[in-house]
Structures are given as C-alpha cells and as structure tokens.
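Each residue of the sequence shown is one higher than the one before, counting from 42 in this note's numbering.
Just so you know, even glycine gets a beta-carbon here, dropped at the ideal spot from N, CA and C.
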Amino acid sequence: MDTDVRGRFFGLRPQNDREVVGHNVILSEAKDLFRNRKERKLQAMKNRKYGKPLGNLLAIKSDFFEHNDKMLEMSARQADALIIQKKREHCKICHAPIEGEPLYKSQRMEYYLCKKCGHLNSAKEDTEDFANRVYLEDTYENNYSEEDRERYENRLNTIYIPKAEFLLEELKKDGLSKEKIRLLDDGAGSGYFVGAMRKLEAEASGIEISGAQVEFANRMNGEKILSQADSVDIPGILKSTEANVLSFIGVFEHIINLDEILEAIKENKNVSYVYLSVPMFSMSCVFEASHQKCYNRHAGGTHTHLFSDESLSFMADRMGFEELASWKFGSDMMDLYRMLCVSLEQNGNAALKDYFAPKFLKMIDELQLTVDKNEFASEIHLILKRK
Ligand SMILES: [Zn+2]
Numbered sequence: 042m043d044t045d046v047r048g049r050f051f052g053l054r055p056q057n058d059r060e061v062v063g064h065n066v067i068l069s070e071a072k073d074l075f076r077n078r079k080e081r082k083l084q085a086m087k088n089r090k091y092g093k094p095l096g097n098l099l100a101i102k103s104d105f106f107e108h109n110d111k112m113l114e115m116s117a118r119q120a121d122a123l124i125i126q127k128k129r130e131h132c133k134i135c136h137a138p139i140e141g142e143p144l145y146k147s148q149r150m151e152y153y154l155c156k157k158c159g160h161l162n163s164a165k166e167d168t169e170d171f172a173n174r175v176y177l178e179d180t181y182e183n184n185y186s187e188e189d190r191e192r193y194e195n196r197l198n199t200i201y202i203p204k205a206e207f208l209l210e211e212l213k214k215d216g217l218s219k220e221k222i223r224l225l226d227d228g229a230g231s232g233y234f235v236g237a238m239r240k241l242e243a244e245a246s247g248i249e250i251s252g253a254q255v256e257f258a259n260r261m262n263g264e265k266i267l268s269q270a271d272s273v274d275i276p277g278i279l280k281s282t283e284a285n286v287l288s289f290i291g292v293f294e295h296i297i298n299l300d301e302i303l304e305a306i307k308e309n310k311n312v313s314y315v316y317l318s319v320p321m322f323s324m325s326c327v328f329e330a331s332h333q334k335c336y337n338r339h340a341g342g343t344h345t346h347l348f349s350d351e352s353l354s355f356m357a358d359r360m361g362f363e364e365l366a367s368w369k370f371g372s373d374m375m376d377l378y379r380m381l382c383v384s385l386e387q388n389g390n391a392a393l394k395d396y397f398a399p400k401f402l403k404m405i406d407e408l409q410l411t412v413d414k415n416e417f418a419s420e421i422h423l424i425l426k427r428k
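What follows is the structure in structure tokens.
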C-alpha cells in the first residue's frame with residue numbers, strides 16, 4: 042500500500058519555483074508519514090496470518106458473461122444513489138479533511154486516499170438517504186426445501202467455520218477459553234457466523250435489522266439464535282450488552298453512523314474483544330478501475346469506503362483497542378480471473394478464455410498468497426483487544 046502512496050507523492054511534477062517549495066514540503070510530510078506508518082505497521086503485524094486456499098477449484102466456472110451485465114446494472118443503480126449525495130468533507134475513519142486530487146475514478150465515482158490514515162473514501166458521503174435507496178428488505182419464502190438446508194449447511198461449514206476457528210484459537214492463546222466466551226454478532230445476516238460459533242460449542246447469539254433474515258436464520262438453525270433489532274436501537278444494545286466478545290463480519294463498511302457504534306463499544310467495558318472482517322483498499326480496486334465494463338464487486342455498490350492497515354489501527358486506537366491477531370486473504374485474483382474471462386468474451390475471444398481459464402485457476406492460490414503477503418489484499422479478519 043505504501044508503494045501507491047509513494048507513487049502518488051513522488052509522481053508530482055513541479056511546474057515553477059513556488060510549486061517546488063510545496064513539493065519539498067509534501068516530500069518531507071510524506072517521509073514522516075511513511076516512518077509513522079512503518080512503525081505502526083510493524084506493531085500491527087506481530088501476529089498476522091496470510092492466505093486461504095479457494096478449495097474446490099473445479100466448482101469455479103468461467104461463464105460470468107450474462108451475469109456480468111446484470112450485476113453491472115445493479116451496481117450502476119447503486120452508484121446513481123451515491124452520486125446524488127453531498128460531497129464527503131472528512132475521512133470516514135480519522136475525520137481529516139478530504140482535499141487535493143482524487144487518486145482515481147471508477148464507475149463514475151472519484152476516490153480519495155486519506156493523507157492521514159490511508160483510508161479510501163468515495164467523493165460522496167454514505168448518508169441515510171443513500172442507505173434507504175440501496176439496502177432493500179430481503180424477502181424469503183416460507184417453504185424451505187431439504188436442498189436449501191443443505192446449501193446453508195455447506196456455506197456455514199466451508200466459509201464460516203474457518204472464521205470461527207480462527208477467533209477461538211486466538212482467544213484461547215490469549216487466555217479466554219471457549220467456555221468463557223459470550224459472543225454477540227452484530228449484523229448477523231442469515232446467522233452463518235453465529236451458527237458456526239455454536240457448532241464449535243461457544244456461547245453466541247446475534248442481532249440483525251432484517252426480520253426476514255432473522256426468521257430464516259432461526260429456521261435453518263432449528264433454534265432462536267438471532268433477534269431482530271432496529272438500527273436506531275443498536276448503539277444502545279452494544280452499550281449495554283453483557284457479551285465479552287463482539288463480532289462484525291462484513292458490517293463496518295456499511296454502517297452510516299460508524300462513530301456512534303465505535304463510541305458505544307468503547308463505553309461498554311464488558312466487551313474485551315472485537316472481531317471484524319472488512320474490505321480493504323486493494324488490488325481489486327485497480328482491476329476494477331482498468332475494467333470498466335466488468336462488474337465492480339469491491340469499490341462501488343454498497344461499498345463507499347475501504348480500509349487500510351493504517352485506518353484500522355487508527356480506528357482501534359479511537360475505541361481504546363489494539364490488534365491482537367489478524368488474517369489476511371483476499372479475492373483479488375478471483376476478481377482478476379473473472380474480469381479477464383468477461384473481457385475476453387466481450388471482445389470475441391471465448392476460445393482463448395477457455396484455454397486460459399484452467400491454467401490460471403491452477404496458480405490462483407499461489408498468486409493470491411503473494412498479494413496477501415504484500416499487504417494488498419481485498420479483505421482482513423481482525424481481532425482487537427481492549428487496551
Ligand atoms: Zn483518514
């Protein structure tokens with residue numbers, strides 16, 4: 042990530058004497074920034090693990106073509122909702138003013154890299170009006186087949202059990218055994234993570250805004266593992282819960298009133314650990330910016346800002362927490378694979394795509410591991426501990 046910031050600062054070309062002075066100031070500020078970042082980074086990386094194999098590669102298809110146009114249309118509708126919002130004046134995480142030139146533009150939206158914390162912010166703010174436009178109430182049928190249940194079980198086992206195991210292992214190392222865990226999952230969705238924690242015999246429950254998802258989760262798990270909570274009540278719930286571990290899996294990036302949520306966690310001294318999974322400013326952003334006819338899964342849609350190691354450490358600090366352990370594994374190479382397949386089909390090269398696809402899949406885990414280890418991956422799982 043530093044490479045990109047460096048490129049941005051050192052890429053400046055002064056035009057006259059006045060600008061040369063400004064340029065040197067920027068260089069010296071940049072050096073300080075890198076020094077601070079390096080120190081923070083070293084501290085943050087004490088206990089970090091990298092990579093996660095994709096698993097069943099045979100199940101990964103290459104026919105994204107039709108799907109791509111539908112997803113791109115959906116993303117464009119979500120972009121319409123963000124474009125009409127007010128300009129974002131301050132960084133979502135550190136509140137530093139957003140100024141200077143954007144780092145890049147993709148799918149009609151400009152993105153600024155915060156000079157203070159490296160957080161990637163869209164030029165427009167994620168307001169309540171934006172949320173009302175893009176988050177629709179899910180609807181589920183009341184009749185579930187055996188197949189639905191199998192699919193649920195399969196997703197829980199392959200995706201969520203590893204997330205739960207990572208948390209349990211790290212907490213155990215830190216002296217909190219499974220028996221002592223009382224976990225509350227916020228934004229619990231369909232209850233996969235709570236289900237996984239309970240399957241591994243830890244005490245866990247969840248709250249979720251969507252009543253339909255709560256109903257679905259409880260039905261799939263055969264017991265009441267989630268409760269419905271309105272968004273206005275969530276800060277109060279977090280402030281008073283007796284849980285000692287809070288989890289937010291793919292949630293922080295969607296929270297409009299993030300400051301209020303962080304404050305609630307800070308105030309509730311029962312909470313000793315916070316487990317987060319958030320999207321990062323990563324290689325996927327570059328692939329998206331260079332493939333404008335391909336669906337943008339990462340920046341855009343409901344993702345209006347993306348984290349950096351520095352912004353995460355800034356956020357933890359604000360909450361009175363610090364990093365205990367982390368796990369970096371991204372989907373950047375899967376995004377690249379998809380975009381190359383779609384682009385090849387778009388320009389009439391389906392035969393080349395079919396030749397290329399299995400060759401790329403053979404090396405996909407290795408390539409992604411390199412991205413992960415170089416700290417430019419699309420996702421992080423992070424366990425924070427109260428200081
Ligand atoms: Zn910032």
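- In terms of side-chain proximity, the C-beta atom of H344 is found no nearer than 7 angstroms to any non-hydrogen atom of ligand 1.
- Beta-carbon to beta-carbon, K93 and F370 are separated by about 4 angstroms, close enough to satisfy the 8 angstroms threshold.
- Rounded to whole angstroms, the gap between the alpha carbons of E169 and F293 is 15 angstroms.
- Of all C-beta pairs linking the region 341-355 to the region 157-166, three or more are shorter than 8 angstroms, placing the two stretches in contact.
- Counted as a single uninterrupted DSSP element, the stretch harbouring N162 is not any alpha helix (DSSP H) but the beta strand (DSSP E) occupying residues 161-163.
- Distances taken from the Cβ of A137 to the heavy atoms of ligand 1 include one shorter than 7 angstroms.
- Using a 10 angstroms sphere on the CB of T282, the tally of other CB atoms reaches 16 or more, which defines it as buried.
- Under the three-state reduction of DSSP, L217 is assigned to coil, being neither helix nor strand.
- Not a single heavy atom of ligand 1 lies less than 7 angstroms from the C-beta of S163.
- Between the C-alpha atoms of H131 and H295 there is a straight-line separation of about 17 angstroms.
- The alpha-carbon of A270 is positioned some 37 angstroms away from that of E107.
- Distance from the C-beta of K157 to the nearest heavy atom of ligand 1 is below 7 angstroms.
- For C326, same chain residues with a beta-carbon under 8 angstroms away, outside a window of 5 residues either side, are Y145, S147, Y152, L161, H339, A340, L347 in chain order.
- Measuring C-alpha to C-alpha distances from L212 to each of D227, E363, V286 identifies V286 as the nearest.
- The continuous alpha helix (DSSP H) containing R190 extends over residues 187-196.
- Short note on S352: C-beta closer than 7 angstroms to some heavy atom of ligand 1.
- The Cβ-Cβ distance between A172 and K156 does not fall below 8 angstroms.
- In this structure, C382 has its beta carbon at no less than 7 angstroms from each heavy atom of ligand 1.
- In this structure, the C-beta of C132 approaches ligand 1 to less than 7 angstroms from one of its heavy atoms.
- In this structure, F234 sits away from A258, with a CB-CB distance that is not shorter than 8 angstroms.
- In terms of side-chain proximity, the C-beta atom of H108 is found no nearer than 7 angstroms to any non-hydrogen atom of ligand 1.
- For H422, the enclosing beta strand (DSSP E) stretches over residues 420-427.
- Here the C-alpha atom of D110 lies approximately 16 angstroms from the C-alpha atom of D121.
- Collapsing the DSSP output to three states places D274 in a helix.
- Residue range 391-414 is occupied by the alpha helix (DSSP H) that includes P399, with no beta strand (DSSP E) assigned at that position.
- For the options I266, I421, S323, the alpha carbon positioned closest to that of L224 is the one of I266.
- For M238, the enclosing alpha helix (DSSP H) starts and ends at 233-240.
- Leaving aside the five residues that flank I124 on each side, the residues in its chain whose CB is nearer than 8 angstroms to its CB run, in chain order, R149, M150, K165.
- Taking non-hydrogen atoms of ligand 1 into account, the C-beta of H332 is found less than 7 angstroms away from none of them.
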